[in-house]
Amino acid sequence: MIFYCPMKGSCHSKQPGLWLALFLLVCFSWLQAQTEEKSVASPFPFVYYQLKNGLGVILSEDDTLPIVSIAIAYGVGSLREKPGQAGLAYLLENLMFQGSLNVGPMQHFSYISRVGGRSNAQLSENLTLFFQSVPSHQLPLVLWLESDRMMSLVISEDHLESSKMTVLDEIRRRRFNEPFLDSFLLFDQMIYPDFSRQHPVTGYEEDIQGLRAEEVREFYRTYYVPSNAVLCLVGDFNRKRAKELIEKYFESIPGGKEVPPLAELPSGFKGPLSRVSVDPLASAPAVHLAYRLTSPNSADYPIFKIIDYLLTKGKSSWLVRRLLQREKIAVRFEGGLETRLGVTWLRLFIVANNEVMVERCLRAVEAEISRLKTALVPEEELGLAKTKYLADLRLRFTSTLDRAIFLAENYFSLSSLEEIAQIIEKPLKTQASDIVGLANRYFIDDNRAILKVRIK
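Residues are numbered in this note's numbering as their position in the sequence shown, beginning at 1, plus a constant of 541.
Written as structure tokens, this is what we have:
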């Protein structure tokens, strides 16, 4: 979900074509995985190849600053957890910092900080990502650290209990700091029909407490393997030397067994679905509203990106202007597209001062969506949405670390990185008539779910 934040200096260009021409200069071509290195000539050059054990490697040189960013991603997240294991991926992400054969607990952080670098990790439904930026001459250190925990993570009872305490404390603090969290989890259960997609990435406390060391080891042996991972280097390094170091530290690690395919998940939804929930932690009445949309692989999906920007992104978006600025009937608004393994929703969350205002907010949302259905979006507003879409994309390439993370994420989310140019270009081809057609097809009662949150 996207939190609304007022933005300064918003761009109001009506000509996104120039943005596209400039932006496509930094788009890449993706090459099919093979051991022979392939290169791409562009202002954002990179090479891609694959080690014999299946590890994908992406190298992108940029000597602007004496810094190198390293991201290593594993194709595993909460979608791979079974009932009774909710939180296993989250727990293992924490265990990856608890020590390996040659590195002690939390020493990964201390090694990186000691040389002036920074490191962190993030987890999603389908990806676990570790990343760091360090001075260029410290590249061997990072490669050694990452290879050691890929090959020899220590999952002892002591380490397991320590990680359990850490993640359970984080879950409890998050629940305390996010008063509407329970309603978000309840709404997930309403709109996603299966355990894999409806349970939180952080898991359930009772499941985490019951996880055994052997379960965690099996998860690690199955998914934290070279054949299910990609290593991305972006920044100031010598390509030949980097390849030698990668081969030295990673090529001897066994590739691992073939990752089992995800079970086929149910995809049907029949609305309208409406519920009321009393949340003792909620500070004010609120409402969750969502519309079930097309698959992210559909030809219609790029158009929904522009619809999303029209409705929810930035202070000029229709819902922000109406709910927060013009009528001032909401005190908090979040919205955006959400995709979980082939299922996409447009999700909205609104907090108001009282239940009467909640109903007014729902009517206001319905009115703005009705505008999409009954009239062509003015060219000026459509152009503004496209311009902001491009500007947000451009932010993903600001630093070497941003680019490393971007490459790692797209390695797993796209069948081919040749699609990146299409991802950028297709939404910009959206016509006002396209929006009318899709709005009438998808923004209907049968695709709608509502959860009203009341205070105790």
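Where is the CB? At the ideal position from N, CA and C, for every residue including glycine.
Since this is a predicted model, take the numbers as computed values, not measurements.
Practice problem: Starting from the N-terminal side, write out each stretch of the beta strand (DSSP E) that is 3 residues or longer and does not extend beyond the region 875 to 951. | Solution: 884 to 892
Quiz item: Do L903 and V800 have their CB atoms nearer than 8 Å?
Solution: no
Quiz item: What are the start and end residues of the beta strand (DSSP E) that includes A770?
Solution: 770 to 776
Quiz prompt | Start-to-end residues for the beta strand (DSSP E) that takes in S661 | solution = Sequence check: residue 661 is Asn here, not Ser. That run of the beta strand (DSSP E) goes 659 to 664.
Quiz item: When the Cα atoms are used, what is the spatial distance from M706 to E687?
Solution: 24 Å
Practice problem: List the residues that DSSP assigns as beta-bridge partners of F953. | Solution: BP columns for F953 are empty, so no partner.
Practice problem: Name the two residues that bound the continuous alpha helix (DSSP H) containing Y761. | Solution: 754 to 764
Quiz item: So T669 is in the beta strand (DSSP E); what residue range does that whole segment cover?
Solution: 669 to 676
Exercise. Output the distance between the C-alpha atoms of R935 and K929, rounded to the nearest integer angstrom.
Key: 10 Å
Quiz item: Between V757 and the rest of its own chain, which residues show a CB-CB distance below 8 Å, the 5 nearest in sequence each way excluded?
Solution: L629, L632, L633, L636, I696, L701
Practice problem: Tell me G597's beta-bridge partners as DSSP assigns them. | Solution: Q591, V771
Practice problem: Identify whether Y850 lies in helix, strand or coil by the three-state DSSP scheme. | Solution: helix
Quiz item: Tell me which same chain residues have a C-beta within less than 6 Å of the C-beta of F725, skipping the five on either side of it?
Solution: none
Practice problem: Could you tell me whether the Cβ atoms of S665 and I608 are closer together than 8 Å? | Solution: no
Exercise. Pull up the distance between the alpha-carbon of F984 and that of I910, whole angstroms please.
Key: 8 Å
Exercise. Throw me the rounded Cβ distance for the D689 and V644 pair, which I believe falls under 8 Å.
Key: 5 Å
Self-check item: Rounded C-alpha distance that separates R738 from Y589
Solution: 32 Å
Quiz item: Do L722 and R716 have their C-beta atoms closer together than 8 Å?
Solution: yes
Practice problem: Starting from the Cα of G599, find the closest Cα among F953, R989, G883, L774 and give me that residue. | Solution: In the sequence as presented, Gly is not what sits at residue 599; that position holds Ile. Of the listed residues, the one whose Cα sits closest to I599 is L774.
Quiz item: Counting only runs that start and end within the region 777 to 853, where is the alpha helix (DSSP H) found for 4 or more residues in a row?
Solution: 780 to 791, 842 to 853
Practice problem: Could you confirm whether any beta carbon from chain D is found closer than 8 Å to the beta carbon of V897? | Solution: No chain D is part of this structure, which consists of one protein chain only.
Practice problem: Over the uninterrupted beta strand (DSSP E) stretch that includes I484, give me the two end residues. | Solution: What is shown of the chain runs 542 to 997, which leaves residue 484 out entirely.
Quiz prompt | Where the alpha helix (DSSP H) through S858 begins and ends | solution = That residue, S858, is in no alpha helix (DSSP H); it is neither H nor E in DSSP.
Quiz item: Near V817, which residues of its chain fall below 7 Å by C-beta distance, leaving aside the five closest residues on each side in sequence?
Solution: K993, R995
Quiz item: Which class does E602 belong to by DSSP, given the choice of helix, strand or coil?
Solution: strand
Practice problem: Under 6 Å Cβ to Cβ from K846, same chain only, skipping five residues before and after it: list those, please. | Solution: P968
Self-check item: First through last residue of the alpha helix (DSSP H) which encompasses Y615
Solution: Here Y615 belongs to no alpha helix (DSSP H); instead the beta strand (DSSP E) covers 608 to 615.
Practice problem: Would you tell me roughly how many angstroms separate the C-alpha atoms of Q679 and I611, rounded to the nearest one? | Solution: 11 Å
Quiz item: Does DSSP classify V994 as helix, strand or coil?
Solution: strand
Quiz prompt | Length of the line joining the Cα atoms of F638 and D849 | solution = 37 Å
Practice problem: Taking only runs that begin and end inside the region 709 to 743, name each unbroken alpha helix (DSSP H) of 4 or more residues, in chain order. | Solution: 722 to 732, 736 to 739
Quiz item: Exposed or buried, K593, counting other C-beta atoms within 10 Å across all chains shown (16 or more means buried)?
Solution: exposed
Exercise. Excluding the 5 residues preceding and the 5 following P646 in the sequence, name in chain order all residues of the same chain whose CB lies nearer than 6 Å to its CB.
Key: Q639, G640
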